[in-house]
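Numbering (my numbering), first residue to last: 379 to 570. Let me begin by presenting the structure, written as structure tokens, before commenting on it.
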């Protein structure tokens with residue numbers, strides 16, 4: 379079937395591809411049997427539109443879950459990074475990390491302050507802008523997994539688990555697992 383313009387240009391009528399009119403025996407009202415069969419067959423535009431609507435609804439749910447995860451990530455990382463930037467000595471009591479020189483203080487502020495605040499800011503931007511969700515989830519997969527793996531190996535090699543380390547491992551492994559799960563549900567097959 380193809381659309382043929384009607385006089386006046388404001389409407390179209392459906393015609394057969396071979397140039398013929400409505401189906402023989404038909405008054406020209408409603409679709410022909412062939413058109414009806416085409417709409418209900420697998421791969422037809424009508425079925426594909428329905429599948430697309432269902433897919434879009436599912437994507438919205440996954441996207442909303444991912445955005446909530448990213449907002450919670452921002453809520454944890456951004457304030458903690460800002461706090462560590464202004465109070466680098468807090469880490470001495472909480473994690474046993476202390477600076478002995480000015481360069482050490484700069485390093486603590488950069489890594490515990492700036493980097494963590496940057497992770498939180500990126501997560502917040504992605505929570506607010508849906509087009510950044512997939513890139514933020516990919517970044518989260520690598521960042522959280524990198525922290526979790528190295529922290530776990532370091533704890534095993536030293537043979538000690540403090541409450542700070544246990545909490546950090548839980549946060550990092552949990553964030554990694556959620557980011558991977560959300561990315562698989564949110565992204566195109568090329569990414570997942």
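Backbone N, C-alpha and C define an ideal beta-carbon position, used for all residues, glycine too. Since we're looking at a predicted model, the values are computed, not measured.
TODO: Tell me the start and end of each unbroken alpha helix (DSSP H) in the stretch 448-475 that is at least 4 residues and wholly inside, in chain order.
DONE: 468-473
TODO: Using beta-carbon positions only, say whether residue 494 and residue 551 come within less than 7 angstroms of one another.
DONE: no
- [ ] Could you tell me the boundaries of the alpha helix (DSSP H) in which residue 514 lies?
- [x] 511-536
Task: Beta carbon of residue 514 nearer than 7 angstroms to that of residue 554 - done: no
Open item on the list: Using the three-state DSSP reduction, which class does residue 478 fall into: helix, strand or coil?
Closed with: Residue 478 sits in coil when the DSSP states are folded into three classes, being neither helix nor strand.
Open item on the list: According to DSSP, simplified to helix, strand and coil, what is residue 493?
Closed with: Residue state, collapsed to three classes: helix.
- [ ] Report the option in 484, 490, 485, 480 whose CA atom is closest to the CA atom of residue 472.
- [x] 490
Open item on the list: Taking contact to mean 3 or more Cβ pairs, one atom from each stretch, closer than 8 angstroms, check whether the stretch 502-516 and the stretch 444-460 are in contact.
Closed with: yes
Open item on the list: With H, G and I counted as helix, E and B as strand and the rest as coil, what does DSSP make of residue 543?
Closed with: helix
Open item on the list: Between 500, 528, 487, 531, which has its C-alpha nearest residue 613's C-alpha?
Closed with: No statement about residue 613 is possible, as the shown extent of the chain runs from 379 to 570 and does not include it.
Task: Burial state of residue 548 (16 or more Cβ within 10 Å) - done: exposed
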